[in-house]
Structure formats: C-alpha cells, structure tokens
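What follows is one structure encoded as structure tokens, with my remarks underneath.
Protein chains: 2
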Amino acid sequence: MEKSKFYHAGCAVCKSAEHDIINLIGADNVEIVHIGNDRTRITEAEKAGVKSVPALLTPNGNVLHINFGASMDDVKG
Amino acid sequence: MEKSKFYHAGCAVCKSAEHDIINLIGADNVEIVHIGNDRTRITEAEKAGVKSVPALLTPNGNVLHINFGASMDDVKG
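So the protein sequences, as listed, match chains A and B. Residues in the first sequence are numbered from 1 upward in steps of one, following my numbering. Residues in the second sequence are numbered from 101 upward in steps of one, following my numbering.
Rendered as structure tokens:
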C-alpha cells in the first residue's frame, strides 16, 4: 500500500494525533512530515488540500483534517 | 487490538471519511456507529468526548474529529 502522509507542525494537538495515527495504521504506513521544521514542504501540503494541521493525506488523495492544531497561515507565520 | 469506533451521522463528509478510515485501518478494526439512525448511542458518543461527526474513538480513548460533517447538536436536531 502506498504510504499516507501525516502533516503536522509540532503542536500538542499534532503530537497527540501523530501518536494515535501511528498506533492505528502503523509507523511503516505513514510518512510523518513536520512542516514547521521542513518549510519546503508547506506548498506540497497546501497543493494536496491541507487547510490545517494535523492532517492525514491518504494514499488516494483525500485529506483528513484531524482535530485542530493550527491553520496553514499559523504555520507560515 | 481493541476496536476503534467510528461515529457518524450519514452525511457526505461522514461517508467519505468512513471509506478512508476503513481503507486505512481495516474494516475488522473499527466499529461503525451511525448515531443518526441509532440514537440510543448519542449519549455514549458524547461521554467519550465526541463533539462533532465524523469522529474516530481510538482504543485508548482519544477522539479524533475528522473534518467536519455535523455538530452533535445538529445530530440531536
């Protein structure tokens, strides 16, 4: 199965959701992308439809916004 | 692994998220609960911390609110 991508920005809500997602789908099935640290990937996330973090991009291209940590504008500062 | 519970109310956002969650974690690992139809379980969902649907209750008791379909007040009508 193609990997999902979990976009987050290090916030408490993000970390909690990251832990849950890894438990649910397995660390091998998800790439964790910290767009607060790796800012070169913010555009990629936005193009995929990520409006806020944490968010899970599924292999079929759907974005699941999970709870609410920060908007993309917050991440971009 | 104890099952997760996916609470939804039949809305389009709910159905899309249900499809994604089943693909990600497997139909055997999640109980699908339609609280729009089975209203006796609304209280259970609220006690677990569900504020809106669709939402996934993980085996360790965390609630992941996924995108936004309807508030619990909307579901209760």
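A virtual CB, placed ideally from N, CA and C, is assigned to each residue, including glycine. Here the structure is a predicted model, which means the values were calculated and not measured.
Discussion item. With the cut-off set at 8 Å, would you say L164(B) and I66(A) are in Cβ contact?
Written reply: Within the second sequence, the letter at position 64 stands for residue 164(B). Within the first sequence, the letter at position 66 stands for residue 66(A). Yes; because the gap between Cβ atoms is below 8 Å, this pair is in contact.
Practice prompt. Would you kindly report the start and end of the unbroken alpha helix (DSSP H) that includes A12(A)?
Written response: Sequence index remark: in the first sequence, residue 12(A) carries index 12 (1-based). Segment 12-25, the alpha helix (DSSP H) holding A12(A).
Worksheet item: Who are the near neighbours of C14(A) in its chain, counting only those whose CB is closer than 7 Å to its CB and skipping five residues on each side?
Response: For the purposes of this step, residue 14(A) is taken as residue 14 along the first sequence, with counting starting at 1. Around C14(A): H8, V53, P54, G69.
Worksheet item: Is any beta-carbon of chain B found at less than 8 Å from that of T40(A)?
Response: Residue numbering aside, residue 40(A) sits at position 40 when the first sequence is read from its first letter. No, T40(A) does not count as interfacial toward chain B.
Worksheet item: Looking at C-alpha atoms only, which residue of A48(A), L56(A), G36(A) is the closest neighbour of V75(A)?
Response: Residue numbering aside, residue 75(A) sits at position 75 when the first sequence is read from its first letter. Considering only alpha carbons, the answer is G36(A).
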